Structure formats: C-alpha cells, structure tokens
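J.:
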Amino acid sequence: MLGRRLATLLLAATVLGAAVPASAQIKIGVTISTTGPAASLGTPQRNSIALLPTEIAGQKVEYIVLDDGSDTTRAVANARKLIDENNVDALIGSSTTPASLAMIDVAAEKKVPMISLAASSRLIEPMDAQRKWVFKTPQNDSLMADAIADHMAKAGVKTVGFIGFNDAYGDGWLAETQRALAAKGIQLVATERYARNDTSVTGQVLKLMQARPDAVLIAASGTPAALPQKTLHERGYTGKYYQTHGVANADFLRVGGRDVEGTVLPTGPVLVADQLPDTNVIKPVALEYVRRYEAANGPGSVATFGAHAYDAAILLQAAIPVALKKAKPGTPEFRSALRDALEGLSETVLTHGVSNMTPTDHNGFDQRARVMVTIKDGAWKLLP
Amino acid sequence: MDADIALILLQDGIVNGSIYALLALSLVLVFAVTRVIFIPQGEFVAYGALTYAALQEGRLPGSVWLLCGLGAAAALAGLVQQRHFLRAPAVLRLLAETLALPGAVLLAALWMAPRKLGVLPDALLTLAIVTPMAPYLYRLAFQPLAEASVLTLLIAAVGVHLALLGLGLVFFGPEGYRAVGFSDARVAVGPLVIPGQAFWIVGSTVALMAALYAFFGFTLAGKALRATAVNRLGARLVGIATSLSGRIAFVLAGGIGALSGVLIAPLTTVYYDSGFLIGLKGFVAAIIGGLVSYPAAALAAVLVGCVESFSSFYVSAFKEVIVFTVIIPVLLWRSLRSTGADEHE
C-alpha cells in the first residue's frame with residue numbers, strides 16, 4: 000500500500016525529473032533498525048536523519064529511510080531496493096554489525112558508497128576491493144578497548160573479569176579486550192557470557208566473583224548492560240566497574256539507578272559535549288547537534304547512537320561538493336567520485352571526533368574521538 | 000563450586016522456575032480447554048511488566064489504549080458473529096464486556112497513573128489493564144476457528160504473537176524498564192541472602208496453584224472448564240457453552256501472564272520483546288508435562304529454572320542451548336511411551 004504510493008510518487012518524480020533536467024537532486028538511501036532488537040540504536044538514528052540538511056551545495060537532497068527490523072536479510076533487500084529502484088547516490092546504514100557486514104556485498108557490487116553506523120572494525124578491515132566502498136562513523140572497538148586498558152593500568156587494576164553479550168558484540172569486545180589487556184600486562188581471570196533477554200545472571204556473577212578480579216568489564220549495549228552490574232552489587236562485589244560505549248544513553252542511567260554510580264566507560268565526546276574544554280574543536284559541532292536533537296525530541300533525549308547518523312551526513316556534506324565538480328548526481332561517475340571524495344576527507348570535525356580518512360582507514364578517528372566518563376549522581380561526568 | 004554457591008544457584012533457579020511454572024500452568028490450561036498452544040503468553044508477561052513499570056513512574060501506560068482498541072475490535076467481531084440472532088440482553092452483555100469495561104479501566108488509569116498510589120494499587124490496575132486483552136483476542140482470533148485443527152490454531156497463535164510483538168514496540172517503545180519490588184526486605188538464611196521479592200514470587204505461585212486447584216475442584220465454572228477439556232462435544236451435549244469456557248480460560252491465561260510480568264519486573268529489565276523467551280521456557284515445562292498434567296508441568300518448570308541457573312554458572316555461553324535441549328530426551332521418552340493414538344482427533 001505504502002510501497003505502491005511511494006512507487007507512484009517516485010514515478011511522478013522521475014517523469015518530472017526527465018521533464019526538467021536542471022533540477023537534478025541527490026538521493027541518499029538509509030536503512031536502519033528502527034524495530035527489532037536494535038531498535039534502541041535505530042530510533043535515535045531515524046530522529047537524527049530528520050535533522051539533516053535538505054540542500055547541499057545548491058543541490059536538493061532527498062533521504063529515503065527504510066526500516067530493516069534489525070534483520071540482516073531485510074537490510075540487504077533494502078540496500079538492493081534503494082539502489083535498483085531509487086537509484087541512490089549513497090547508502091547510510093545499517094545500525095548493527097551483522098546487517099552492515101551483509102550489505103557490503105551489495106554496495107561493492109553496485110559500486111555505491113556506503114557509510115555504516117555499526118561499531119565493529121571488521122567492517123573496514125582488512126581493506127580490500129569490496130571494503131573500498133565502505134566507510135563507518137562509530138569508533139572502532141579497538142580504540143575504545145585501548146582506552147579502557149589505559150584507564151585500568153593507571154588505576155592499578157591487575158586482574159579483570161569479563162562478562163559480555165553472547166553475540167557478535169561480545170565476541171568482538173572479548174577479542175579486543177584480550178589484546179588490549181595483554182599489551183598492558185593485565186590478567187583476564189574470568190570470561191562469562193549472557194544473553195540480552197536473560198532474566199538472571201546470578202550463575203555468571205558467582206563464577207566471576209570466585210575469580211576475585213580487581214575490576215569487571217561488562218561488554219553489552221543499552222539497558223541490558225545494567226543487569227550484571229546490579230547482580231554484582233547485590234552479591235556484594237566491591238571492585239571497579241567498567242562498561243563499554245554501548246551503554247551511553249539516558250535509559251541506561253534510568254534502569255541502572257544507584258547501582259551504576261562510579262562506573263567508568265569510554266565514549267564519544269558528544270555524550271558530554273557541554274563539559275568539554277572550550278578549546279576542543281568538537282565541542283561546537285556536538286553542542287549544535289545536541290541542541291537541535293533536543294529541540295525536536297525533548298530535553299535529555301539525545302543518545303550517542305543517533306549522532307553516528309548525523310556524522311555520516313556531515314561526511315557526505317563535506318564530500319558532495321567535491322564530487323559534484325566531477326559528475327552529475329544519479330550517475331555511476333558521481334557515485335565513484337563521491338567515494339573518492341569521502342576517502343580524501345581530512346580533519347573533518349564530527350560530533351564524535353575528528354576524522355582523517357585514508358585509503359586504508361575508512362573511519363579516520365584518533366584519540367580525540369574518545370573520552371573517559373564516569374557516572375556521578377545519575378549523570379555522565381567527563382574524567383580528566 | 001561449594002555448597003554456598005550451589006544453594007544460591009538453587010534459590011535463583013527456584014525463583015525463576017516459579018515464573019515458568021505459572022506460565023506452564025496457563026499454557027496447559029489454555030491448551031486443554033481450547034486446544035490453542037498459546038504462544039502469545041509471553042507477550043502478556045512483557046505487557047504486564049511494562050504497564051506496571053510505567054504506572055510506577057506515574058506515566059499512563061500505552062497498553063491502556065491498546066486495551067480500548069482491542070475491546071472495540073472485539074465488540075465489532077462479536078456483533079458480526081451474532082448478527083443472525085441479535086437480542087438486547089446478549090448485545091448489552093457483549094457491549095458491557097468489550098466497551099464499558101475498557102472505558103472504566105481507562106478512566107481508572109487516567110485518574111490513578113499521575114497519583115503514584117503505591118505498589119499494590121499499581122499491580123491491581125496492571126492486572127485490570129492487561130487481563131481483558133486475552134478474552135478479546137480469543138473473540139477476535141480464536142473463537143471463529145474454534146473447530147479448526149490444532150495446527151491451524153497454532154498458526155493463528157503465532158500470528159497473534161507477531162501482532163502483539165509489533166504492537167508492544169508501538170505502545171511501549173524499544174527501551175526496557177525495571178520496576179520497584181513489593182518488598183525491599185532481605186532475609187539472611189545461612190549463606191543465602193533472600194530478597195523479599197523472591198518470597199512474593201514463590202508465594203504467589205503457590206497461592207495461585209492452590210486457587211486454581213480450588214477453582215477446578217469446587218466451582219461450577221471450573222468443572223465446566225474441566226468438562227470442556229475432557230470432551231468438547233460431550234460438554235456441549237450437557238449444556239456447557241464451550242466458547243464461554245474458552246473465554247474463561249483466556250481470562251485466566253491473561254491474568255497469570257500479567258501477574259508474572261508484575262512479579263518479574265523488579266528482578267530484571269523487561270523489553271517489549273522479552274516475553275517470548277520467558278514464555279518459551281514455560282512452554283518447555285508444559286511440554287515436559289505433556290500439555291495435560293498441571294503438577295508435572297509445575298515441577299518441570301522448577302527443573303527448567305534450576306537447569307538454567309546451574310548451566311549459567313558452568314557454561315554461560317551455552318545456557319539457552321542446554322535449557323532447550325532438555326526437551327529432546329523428554330520428547331523421545333514420551334513418544335516411545337505413547338501409543339500414538341491420542342494425537343489424531
């Protein structure tokens with residue numbers, strides 16, 4: 000029904016477009032997970048897409064947003080549909096690593112640049128002929144894992160217990176944590192896994208506590224990350240708590256309550272934009288995003304996940320004028336030029352950091368893209 | 000592993016097992032009376048928990064509007080089903096059931112939600128909001144198919160499950176909520192520290208089982224349900240309205256689901272899609288009980304809870320695998336024992 004109406008509209012648009020060739024416009028296809036298990040990532044991303052500019056370098060920009068229901072198959076189908084039926088110039092999405100990984104084949108086959116909003120570095124590493132078309136805005140896990148290991152070493156932590164999701168997120172973090180901790184000479188003494196929907200993690204927590212680690216790292220995303228910490232608290236664990244940047248939204252604070260006070264985690268600077276020093280170049284960009292997002296969605300509603308979508312648009316805004324000099328939107332030449340332009344971006348200030356793309360690094364973030372924060376009095380506080 | 004840890008795990012298993020036991024009971028009940036394998040049972044748990052959490056925060060839960068919508072749909076469906084013999088008393092009863100009741104609940108919720116009256120009124124209001132959805136769903140989806148095969152009913156149940164899952168996302172949003180428990184008290188027994196909520200859960204389960212036992216053993220409605228379960232045709236011949244039995248079974252199932260949600264909300268964070276897995280574990284227990292035996296299902300549920308808690312200690316990565324694998328030897332054993340005749344109706 001909706002699809003047919005959309006098709007009619009598109010047909011009308013094509014006819015109009017053919018009649019008036021001067022009004023060439025840029026089309027951006029977006030497929031994100033606004034329903035399903037990753038809905039808490041996809042929802043703020045969809046809200047952020049609504050904030051994006053409708054005109055770049057004098058060209059009208061149209062965003063076609065589809066929901067993939069956190070489902071890999073649907074993400075791929077959406078990507079094909081956006082490219083084949085809507086003839087998009089670039090893809091944004093998807094919200095999760097598995098869905099984005101599957102979309103790489105489509106993007107590479109059709110030669111359309113794609114900016115993923117998922118975290119795993121496997122999306123852009125190792126760089127090959129396919130991944131050439133893929134960029135991503137969230138920080139690599141490795142950057143964040145190094146930050147945690149750094150902080151642990153400084154805090155005098157010698158032994159660490161790990162409890163993470165029983166999925167790709169937990170797997171990725173476990174591998175990165177093992178590497179980062181080994182580099183700092185910190186011992187990983189216990190590794191436990193749990194599922195997002197578990198109602199109890201007592202067994203895992205008891206096992207962790209038997210190993211008596213100085214600190215516990217919880218590698219989970221969103222509000223389910225609060226469960227192990229609450230259980231550890233209940234069982235009287237007194238060591239330090241570390242979380243990952245997957246928890247950086249207000250709902251985690253709401254669900255975690257008193258039990259997550261004092262937790263340390265790495266995150267993008269946008270989470271604590273107002274606490275950044277004024278000399279930080281990221282501050283004005285991040286503050287602008289927070290202001291606009293909260294004006295549209297209510298105070299306190301901003302989440303770092305939505306900012307990744309906004310960052311993808313900033314990258315496109317910077318790259319599109321360069322590509323426009325070479326070709327017209329809607330053509331394969333334009334898409335190829337857009338890819339080259341994205342790869343050539345340097346010192347682009349995003350809400351999550353400063354990006355310097357290179358042919359081998361399609362994320363481009365450095366140390367400036369992460370800050371350490373703690374939770375104090377139910378709010379995020381920047382650690383020096 | 001020492002005795003202390005074993006005790007803690009056992010306690011955890013029993014508490015979780017009690018919730019599974021409640022769900023297993025209601026699955027057995029619904030199946031026995033209506034032959035519907037009630038897959039959406041888990042959604043009622045999630046709805047109950049999320050409604051309860053919203054009321055505690057002083058917000059009007061979205062499920063109230065869902066209740067009104069379902070009520071209106073059930074009213075329409077009822078009128079269409081009865082279109083050939085519309086009589087005033089029957090129509091009035093139908094409208095009271097499907098329009099007046101949600102209206103009253105809506106007014107109560109509008110009045111109570113901002114006042115934060117405390118855990119008990121909130122829990123009761125939650126039951127009032129979520130429970131009637133079940134009989135409405137029965138009217139909408141299952142009553143027209145009452146004579147269909149078990150497989151058709153199962154497919155309808157899966158459809159209802161998927162619909163409720165989507166509606167849950169619309170009405171509650173993607174984020175999870177956690178509620179405050181009935182009791183913050185903690186009782187130390189040797190090495191164990193038992194939270195007050197655990198007593199509430201186990202206590203409610205036992206009380207509810209006793210109440211169900213009394214209901215089936217000593218009341219006319221309960222006996223009618225049992226008669227329908229034993230033989231639908233026979234029950235109709237002696238004047239029992241089987242569609243009414245179906246509705247009563249669904250009211251009980253909805254109520255048990257909502258209560259499980261209220262009980263579990265303080266223990267864990269509940270999402271709009273959390274219910275399915277919880278319901279599925281209740282289902283495993285119900286299957287072990289052969290979908291007919293209440294005591295076997297309840298015991299199996301506690302077993303499932305304990306298997307879950309011990310396997311999460313030893314091999315947390317394979318916990319779900321182990322829990323759901325338990326079903327295979329049971330099915331093998333049952334199919335070797337059964338003569339195979341009772342499956343075909």
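These protein sequence lines map, in sequence, to chains D and Y. Numbering of the first sequence is given in numbering that gives the first Met the number 0, commencing with residue 0 and proceeding in unit increments. Numbering of the second sequence is given in numbering that gives the first Met the number 0, commencing with residue 0 and proceeding in unit increments. C-beta atoms are modelled at their ideal positions from N, C-alpha and C, and glycine is treated no differently. Since this is a predicted model, take the numbers as computed values, not measurements.
1. What in chain D is Cβ-close to Y:T267, meaning under 8 Å?
2. Check the Cβ-Cβ distances between Y:E344 and every residue of chain D, and say whether any is below 8 Å.
3. For my contact list, D:L231 and D:I374 are in at a C-beta cut-off of 8 Å; report their separation, rounded to the angstrom.
4. Between which two residues does the beta strand (DSSP E) harbouring D:I25 extend?
5. With a threshold of 8 Å between beta carbons, is D:T72 in contact with chain Y?
6. In whole angstroms, what is the alpha-carbon distance linking D:I313 and D:L349?
7. Report yes if the C-beta distance between D:T136 and D:H351 is below 8 Å; otherwise report no.
8. For Y:I36, count the other beta carbons within 10 Å of its own beta carbon; 16 or more makes it buried, fewer makes it exposed. Which is it?
9. Does the count of Cβ pairs from the stretch 0 to 17 of chain Y and the stretch 301 to 308 of chain Y closer than 8 Å reach three?
10. With a cut-off of 8 Å, does the C-beta of Y:L168 fall near any C-beta of chain D?
11. Beta-carbon of D:P265 versus every beta-carbon of chain Y: anything under 8 Å?
12. So the alpha helix (DSSP H) D:I217 belongs to, where does it begin and stop?
13. Taking Y:L161 as the reference, give the member of Y:F198, Y:E42, Y:I327 and Y:L262 with the closest Cα.
14. Counting only beta-carbon atoms, is D:L205 nearer than 8 Å to chain Y?
15. If we cut at 8 Å on Cβ distances, does Y:S62 have a partner in chain D?
16. In three-state DSSP terms, what is D:L187?
17. Any beta carbon from chain Y within less than 8 Å of D:K46's own beta carbon?
18. Look up D:A89 in the DSSP assignment and say whether it is helix, strand or coil.
19. Please report the Cβ distance between D:V263 and D:K239, rounded to the nearest whole angstrom; I am assuming they are in contact, meaning their Cβ atoms lie under 8 Å.
20. Is there a C-beta anywhere in chain Y that falls below 8 Å from the one on D:V384?
21. Helix, strand or coil for Y:R235 per DSSP?
22. How would you write the range of the beta strand (DSSP E) that D:K239 sits in, first residue to last?
23. Does DSSP put Y:Q81 in a helix, in a strand, or in coil?
24. Going by other Cβ atoms of all chains shown within 10 Å of its Cβ, with 16 needed for buried, is Y:W199 buried or exposed?
25. With a cut-off of 8 Å on the beta carbons, I'd call Y:S311 and D:V200 a contact; round off their distance for me.
26. Does any CB atom of chain Y fall closer than 8 Å to the CB of D:A223?
27. Kindly indicate which three-state DSSP category D:E108 falls into: helix, strand or coil?
28. Is the shortest distance between the beta-carbon of D:R257 and the beta-carbons of chain Y less than 8 Å?
29. Taking C-beta to C-beta, are D:R130 and D:I103 nearer than 8 Å?
30. Using the Cα positions of D:T222 and D:L90, report the straight-line distance between them to the nearest angstrom.
31. Nearest-angstrom Cα distance between D:A21 and D:A218?
32. Could you tell me which whole alpha helix (DSSP H) segments of length 4 or greater appear in the stretch 185 to 221 of chain Y?
33. With 7 Å as the C-beta to C-beta threshold (strictly closer), list the residues of the stretch 158 to 182 of chain D near chain Y in chain order.
34. Looking at the strands, I want to know which residues DSSP matches up with D:E54.
35. Helix, strand or coil: how does DSSP classify Y:A71 here?
36. Which residue comes first and which comes last in the alpha helix (DSSP H) that contains D:A118?
T.: Here's the rundown:
1. In the second sequence, counting from the first residue as 1, residue 267 of chain Y sits at position 268. Ordered by position in chain D, the residues that pass the 8 Å Cβ test against Y:T267 are D197, T198, S199 and L226.
2. As a working note, residue 344 of chain Y is residue 345 in the second sequence. A caution first: Y:E344 carries a pLDDT of 44, below 50, which makes its placement in the model too unreliable to give a value.
3. Walking along the first sequence from the start, residue 231 of chain D turns up at place 232. Walking along the first sequence from the start, residue 374 of chain D turns up at place 375. The pair is not a contact, with the Cβ atoms about 15 Å apart (cut-off 8 Å).
4. On the first sequence, residue 25 of chain D is found 26 positions in, with the first residue counted as 1. Looking at the DSSP string, the run of the beta strand (DSSP E) that includes D:I25 is Q24 to I31.
5. Taking the first sequence and counting its residues from 1, the one referred to as residue 72 of chain D is at position 73. Chain Y, which has no Cβ nearer than 8 Å to the Cβ of D:T72, makes this no.
6. Along the first sequence, read from residue 1 onward, the residue named residue 313 of chain D stands at position 314. Along the first sequence, read from residue 1 onward, the residue named residue 349 of chain D stands at position 350. Computed Cα separation, rounded: 7 Å.
7. Here the question's residue 136 of chain D lines up with position 137 in the first sequence. Here the question's residue 351 of chain D lines up with position 352 in the first sequence. Cβ distance < 8 Å, so D:T136 and D:H351 count as in contact.
8. Here the question's residue 36 of chain Y lines up with position 37 in the second sequence. Burial call: buried.
9. yes
10. As a working note, residue 168 of chain Y is residue 169 in the second sequence. Chain D contact via Cβ: present.
11. For the purposes of this step, residue 265 of chain D is taken as residue 266 along the first sequence, with counting starting at 1. No - not a single Cβ of chain Y is within 8 Å of the one on D:P265.
12. Counted from its first residue, the first sequence places residue 217 of chain D at position 218. Careful: D:I217 lies outside any alpha helix (DSSP H), inside the beta strand (DSSP E) at A214 to A218.
13. Stepping through the second sequence from its first residue, residue 161 of chain Y is reached at position 162. Of Y:F198, Y:E42, Y:I327 and Y:L262, the residue nearest in Cα terms is Y:E42.
14. Here residue 205 of chain D is taken as the residue at index 206 of the first sequence, counted from 1. Yes, because at least one Cβ of chain Y sits closer than 8 Å to the Cβ of D:L205.
15. Looking up residue 62 of chain Y in the second sequence gives position 63. No - not a single Cβ of chain D is within 8 Å of the one on Y:S62.
16. One-based indexing of the first sequence puts residue 187 of chain D at position 188. Note: D:L187 maps to strand in three-state DSSP.
17. Counting from 1 along the first sequence, the entry for residue 46 of chain D is found at position 47. With the sequence shown as reference, residue 46 of chain D is identified as Asn, and Lys is not the correct amino acid for it. No, its Cβ sits nowhere closer than 8 Å to a Cβ of chain Y.
18. Here residue 89 of chain D is taken as the residue at index 90 of the first sequence, counted from 1. Residue state, collapsed to three classes: strand.
19. In the first sequence, counting from the first residue as 1, residue 263 of chain D sits at position 264. In the first sequence, counting from the first residue as 1, residue 239 of chain D sits at position 240. The pair is a contact, with the Cβ atoms about 7 Å apart (cut-off 8 Å).
20. Examination of residue 384 of chain D is not possible in this model, given that chain D is present from 0 through 383 alone.
21. For the purposes of this step, residue 235 of chain Y is identified with residue 236 of the second sequence, where counting begins at 1. Secondary structure of Y:R235 (DSSP, three-state): helix.
22. Here residue 239 of chain D is taken as the residue at index 240 of the first sequence, counted from 1. Segment K239 to Q242, the beta strand (DSSP E) holding D:K239.
23. Here residue 81 of chain Y refers to the residue found at position 82 of the second sequence. If DSSP states are grouped into helix, strand and coil, Y:Q81 belongs with coil.
24. Numbered from 1 along the second sequence, position 200 holds the residue referred to as residue 199 of chain Y. By the 10 Å Cβ count, Y:W199 comes out buried.
25. If you number the second sequence from 1, residue 311 of chain Y lands on position 312. If you number the first sequence from 1, residue 200 of chain D lands on position 201. 7 Å between Cβ atoms; contact.
26. Your numbering for residue 223 of chain D matches position 224 in the first sequence. What sits at residue 223 of chain D in the sequence shown is Pro, not Ala. Yes, contact with chain Y.
27. Translated into positions along the first sequence, residue 108 of chain D becomes position 109. Helix, per DSSP.
28. Taking the first residue of the first sequence as position 1, residue 257 of chain D is located at position 258. No - not a single Cβ of chain Y is within 8 Å of the one on D:R257.
29. Your numbering for residue 130 of chain D matches position 131 in the first sequence. Your numbering for residue 103 of chain D matches position 104 in the first sequence. Here D:R130 is near D:I103, since their CB atoms are less than 8 Å apart.
30. Taking the first sequence and counting its residues from 1, one reaches residue 222 of chain D at position 223. Taking the first sequence and counting its residues from 1, one reaches residue 90 of chain D at position 91. Taking the straight line joining both Cα atoms gives about 29 Å.
31. The residue you call residue 21 of chain D lines up with position 22 of the first sequence. The residue you call residue 218 of chain D lines up with position 219 of the first sequence. Any answer about D:A21 is weak, because its pLDDT of 39 lies below 50 and its placement is not dependable; what the coordinates show is given next. If I take the Cα positions, the gap works out to 51 Å.
32. Note on the stretch 185 to 221 of chain Y: whole alpha helix (DSSP H) runs with a minimum of 4 residues are 195 to 217, in chain order.
33. N165
34. The residue given as residue 54 of chain D occupies position 55 in the first sequence. Note: D:E54 sits in a beta bridge opposite D:K59.
35. Numbered from 1 along the second sequence, position 72 holds the residue referred to as residue 71 of chain Y. Helix at Y:A71.
36. Position 119 of the first sequence holds residue 118 of chain D. No alpha helix (DSSP H) holds D:A118; DSSP gives it neither H nor E.
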